[in-house]
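Residues 60 to 733 (our numbering) are what the sequence shown spells out, left to right.
Glycine included, each C-beta is placed from N, C-alpha and C at the ideal position.
One structure is given below, encoded as structure tokens.
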Amino acid sequence: MKHAFMRHVLALSLTIALGACGGGSGNNQVTPPTVVGPAEGDTINLAVLETTDLHTNLKSYDYYKTADDPKVGLERTASLINAARKEFGNTLLVDNGDTIQGTPLADYEALVAQLACNDTLTQYKAMNAIGYDIATLGNHEFNYGLDFLYQVTGKAHSYQGKTRTCKGPNFPLVLANVYDITTKQPIYQPWQILERQFVDSKGIKRTIKVGVIGFTPPGIMQWDKRWLEGKLIVEGAKDSAAKYVPEMRKAGADVVVALVHGGINVKSNGNDEDPVYGVAGVPGIDAIVAGHSHTSFPGGTTYTAQDIDNTKGLIKGVPVVQAGFWGSHLGVIKLNLAYKNGKWVTDSSKSQSEVRAIYDSKTAKPLVEADANVTAVIKPAHDATVKYVNTPVGTTELRLSSYLSQIGDTAAIELLNAAQADYVSKYVNANLPQYKNLPVLSAQAPFKGGFAGASDYTDVAAGPLSIRSAADLYLYSNTIYAVKIKGRSLKGWLENSAEQFNTIDPTKTADQELLNPAFKVYNFDIFDGVTYEIDLTQAPGNRIVNLKHNGVAVSDTQEFIVATNNYRASGIINPNIYKGIIPTDVEVLLAAPDANRDVVISYVQGIKTVTSAKFTPNKNWRFKPLPNQAGKVVFRSAPAAVDALATEKISNVVLNDSTADSKGLVGFRIDLTK
């Protein structure tokens with residue numbers, strides 16, 4: 060016993076001595092224990108965290124109203140990210156695009172402040188502070204042109220005859236389906252494998268190779284044609300994924316995550332604007348983050364396809380998440396990785412998705428506070444933007460709002476159309492005298508129509524007008540275009556806009572909804588310069604009646620010039636998007652570099668005052684009266700629309716239901732007999 064005890068003391072002393080020498084050099088260092096490889100059945104839980112469609116909503120702030128808005132803002136989403144990292148341990152943070160454009164702050168840095176090559180875009184400064192792992196590009200990344208995009212993303216590009224590489228984000232960008240037309244090579248790295256240390260079920264760190272690939276909508280070639288034509292080519296997401304995912308697997312990817320800047324459409328072939336359903340069928344993809352359509356999944360839109368699990372967030376067995384827009388939500392995909400047959404594989408039966416909100420619409424209270432670090436990072440640009448948007452440009456005698464722009468002629472649309480028509484008329488007279496006798500029309504959509512709730516409407520009070528007023532009136536950074544068009548295709552253009560409305564049966568006594576919820580309000584073009592009626596009893600494509608110019612019916616071959624924007628001028632000739640328009644009937648006469656918003660600002664500065672005498676709605680369009688309307692035709696808008704009824708002189712609409720829905724919208728009814 061005595062000898063055994065002494066052997067134990069000696070062994071213990073030797074262990075302590077060796078431990079004390081562990082930090083030194085030489086032959087006395089202790090060899091660290093060998094980490095045993097993973098065993099069959101070991102698991103890793105990994106949370107893929109997603110933001111999408113941030114649109115430079117960095118601060119919880121509305122620049123159009125110059126007021127705090129706790130429903131949006133990356134500074135609050137960052138708090139959800141912090142909490143998720145603590146909760147899950149193993150996380151990967153991704154962004155799904157439409158990131159660098161969307162608020163006056165974005166426009167200020169892109170168009171006003173002239174960001175230096177060695178400076179980082181404030182959007183990326185915030186994302187660097189949060190610690191994103193990787194991101195892709197959405198369609199709106201291309202809105203400011205390739206020079207600006209390449210500058211702020213750190214991509215080598217030609218500038219003033221030399222090649223330069225500016226300061227981009229600290230994380231990589233992937234984009235698989237956009238190619239340089241000359242080299243036929245992707246303009247960004249199509250995919251990347253991130254090696255990350257994740258802790259497994261035994262508490263041991265394992266190296267996992269996460270492959271990430273990104274896609275943007277093919278529509279960029281039409282929406283930003285002025286920047287991209289002759290420079291880029293785009294392929295569909297599904298075709299691109301089928302080509303690259305096998306490469307990623309061959310390169311050793313344990314997990315493949317697809318960043319698809321597109322929505323979910325069960326009729327999609329995987330190569331269109333909303334390709335997620337089709338992309339989910341590509342073998343080898345373990346998870347998909349979606350975006351673009353500004354909705355949420357799971358928990359938002361519900362899909363009826365049998366291979367979609369609306370509760371767990373699975374499409375064709377693949378976990379999918381879509382995290383709203385403007386920083387309103389954080390998407391979370393909880394992936395379960397299991398070690399089987401010598402490799403890590405995703406167990407979809409144990410994986411699921413969810414979205415987490417920064418704001419509770421039921422209680423009208425924020426669920427998280429802003430992250431102080433992110434707030435500090437964005438403060439200089441935010442303060443400069445607030446100062447910029449308050450720059451005065453004129454005054455208005457009328458309240459300018461979009462609360463009722465979907466159901467009647469309004470002063471806000473009158474002003475926007477007048478500004479566009481004035482610009483194009485002056486251009487034609489000065490530069491295109493051969494067309495000076497053609498009537499100049501103007502087409503303008505409301506843009507803000509309550510999609511995001513009661514605050515998502517234009518509302519400029521009577522009184523001083525500022526740059527923020529113009530930004531509220533004209534939401535997007537479009538540029539002004541003019542097209543020559545024949546009467547038959549002009550009618551087709553109007554028919555496409557009229558698809559905003561449901562078909563109304565005047566014999567029904569039950570309530571009928573006026574507005575088609577699937578229609579995007581920014582596609583509802585309202586024309587000035589012609590008069591027309593919309594017959595709601597007819598099917599889409601056959602609703603425009605009594606289309607006249609100066610009181611005379613418009614003929615099929617009669618020619619007009621229409622002032623519009625670059626998005627619409629490029630889109631209307633695409634038969635896959637616009638029906639009833641003959642492409643050969645449309646010719647672009649003007650592709651101006653001037654932004655539509657700047658055209659509005661210059662116009663107001665010129666007239667100084669938006670007067671009641673000139674801009675009270677002229678009622679050049681209306682619904683064709685239905686004398687025998689039996690039941691109610693109803694729609695929803697913000698409560699403030701009640702006051703706007705008098706301002707816009709709309710007499711056939713009354714409040715129908717003052718109970719606000721989850722978006723804060725209330726019910727109205729319209730009398731179509733008048």
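Identity of the residues DSSP links to residue i by a beta bridge
{"i": "Glu707", "result": "According to DSSP, Glu707 bridges with nothing at all."}
{"i": "Ile620", "result": "Val499, Lys543"}
{"i": "Phe257", "result": "Arg265"}
{"i": "Phe506", "result": "According to DSSP, Phe506 bridges with nothing at all."}
{"i": "Thr110", "result": "Asp154"}
{"i": "Phe147", "result": "Phe147 is not bridged to any residue."}
{"i": "Gln382", "result": "Here residue 382 turns out to be Ala, not Gln, going by the sequence shown. Answer by DSSP bridge pairing, in chain order: Ser355."}
{"i": "Asp419", "result": "Lys424"}
{"i": "Glu572", "result": "Val693"}
{"i": "Val414", "result": "Gly390"}
{"i": "Trp250", "result": "Ile272"}
{"i": "Ser217", "result": "Thr222"}
Unbroken beta strand (DSSP E) run spanning residue i, endpoints
{"i": "Pro305", "result": "Pro305 -> not in any beta strand (DSSP E); alpha helix (DSSP H) instead, spanning 296–309."}
{"i": "Tyr238", "result": "237–239"}
{"i": "Thr405", "result": "402–405"}
{"i": "Phe674", "result": "Segment 671–674 is the alpha helix (DSSP H) holding Phe674; no beta strand (DSSP E) there."}
{"i": "Thr590", "result": "590–593"}
{"i": "Thr360", "result": "Run containing Thr360: none; DSSP gives neither H nor E here."}
{"i": "Thr455", "result": "451–455"}
{"i": "Thr224", "result": "No beta strand (DSSP E) contains Thr224, which DSSP labels as neither H nor E."}
Segment limits, alpha helix (DSSP H) that includes residue i
{"i": "Glu558", "result": "Where Glu558 is concerned, there is no enclosing alpha helix (DSSP H), given that its DSSP letter is neither H nor E."}
{"i": "His353", "result": "Per DSSP, His353 belongs to no alpha helix (DSSP H) and is neither H nor E."}
{"i": "Val712", "result": "Careful: Val712 lies outside any alpha helix (DSSP H), inside the beta strand (DSSP E) at 712–716."}
{"i": "Lys495", "result": "No alpha helix (DSSP H) contains Lys495, which DSSP labels as neither H nor E."}
{"i": "Ser528", "result": "526–532"}
{"i": "Ser721", "result": "Here Ser721 belongs to no alpha helix (DSSP H), and DSSP marks it neither H nor E."}
{"i": "Gln182", "result": "181–189"}
{"i": "Asn679", "result": "Unbroken run through Asn679: none, as it is neither H nor E."}
{"i": "Gly398", "result": "Residue 398 is actually Tyr in this sequence, not Gly. Here Tyr398 belongs to no alpha helix (DSSP H); instead the beta strand (DSSP E) covers 388–399."}
{"i": "Tyr626", "result": "625–630"}
{"i": "Ala443", "result": "431–448"}
{"i": "Ala165", "result": "163–166"}
{"i": "Ile666", "result": "655–666"}
Status (buried if at least 16 other CB within 10 Å, exposed otherwise) for residue i
{"i": "Asn86", "result": "Any reading at Asn86 must be qualified, since the residue scores a pLDDT of 45, below 50, and its modelled position is unreliable; no value is offered."}
{"i": "Ser412", "result": "buried"}
{"i": "Gln664", "result": "exposed"}
{"i": "Gly509", "result": "buried"}
{"i": "Ile240", "result": "exposed"}
{"i": "Ile75", "result": "Only weak support is given to the placement of Ile75: the predicted model assigns it a pLDDT of 34, under 50, and the value that follows is read from those uncertain coordinates. Exposed is the call here."}
{"i": "Ser717", "result": "exposed"}
{"i": "Ser710", "result": "exposed"}
{"i": "Glu554", "result": "buried"}
{"i": "Glu200", "result": "buried"}
{"i": "Asp313", "result": "buried"}
Supposed contact pair residue j and residue i - C-beta distance, whole angstroms, cut 8 angstroms
{"i": "Glu473", "j": "Asp587", "result": "7 angstroms"}
{"i": "Thr111", "j": "Asn155", "result": "4 angstroms"}
{"i": "Asp584", "j": "Ala502", "result": "4 angstroms"}
{"i": "Leu714", "j": "Val701", "result": "6 angstroms"}
{"i": "Tyr535", "j": "Phe560", "result": "About 23 angstroms; that fails the 8 angstroms criterion."}
{"i": "Val269", "j": "Ala300", "result": "That pair is no contact at about 16 angstroms."}
{"i": "Val483", "j": "Tyr494", "result": "Not a contact, Cβ separation roughly 10 angstroms."}
{"i": "Ala480", "j": "Ala622", "result": "5 angstroms"}
{"i": "Ile355", "j": "Gly386", "result": "First, the residue type needs correcting, since residue 355 is Ser and not Ile in the sequence shown. The pair is not a contact, with the Cβ atoms about 13 angstroms apart (cut-off 8 angstroms)."}
Cut-off 6 angstroms between Cβ atoms - residues of its own chain near residue i, not counting five sequence neighbours on either side
{"i": "Gly359", "result": "none"}
{"i": "Asp518", "result": "Ser460"}
{"i": "Ile660", "result": "Val452, Ala529"}
{"i": "Lys691", "result": "Asp570, Arg728"}
{"i": "Pro163", "result": "Tyr122, Thr444, Val448, Ala530"}
Close Cβ partners of residue i (< 7 angstroms) along its chain, the five nearest in sequence each way excluded
{"i": "Leu180", "result": "Ile159, Glu168, Leu174, Val211"}
{"i": "Ser548", "result": "Ile640, Ile641, Asp644, Val645"}
{"i": "Val647", "result": "Tyr540, Val542, Ala628"}
{"i": "Ala185", "result": "Leu117, Leu133, Val433, Val436, Ile437"}
{"i": "Leu378", "result": "A small correction: the amino acid at residue 378 is Pro; Leu does not occupy that position in the sequence shown. Contacts found: Ala346, Gly372, Ile392, Leu394, Ser407, Ser410, Gln411, Ser412."}
{"i": "Asp27", "result": "Residue 27 is absent from the model: the chain starts at 60 and stops at 733."}
{"i": "Asp259", "result": "Pro97, Asp101, Thr102, Ile103, Arg265"}
{"i": "Asn202", "result": "Gln160, Asp283, Ser536"}
Same chain, Cβ closer than 8 angstroms to residue i, five either side skipped, listed in chain order
{"i": "Thr125", "result": "Val445, Val448, Asn449, Arg527"}
{"i": "Ser138", "result": "Ile417, Val427, Glu428, Ala429, Asp430"}
{"i": "Ala650", "result": "Arg285, Thr538, Tyr540, Asn625, Ala628"}
{"i": "Phe274", "result": "Thr195, Leu234, Ala235, Asn236, Ala296, Ser299, Ala300, Ala317, Leu318, Val319, His320, Gly321, Pro334, Val338"}
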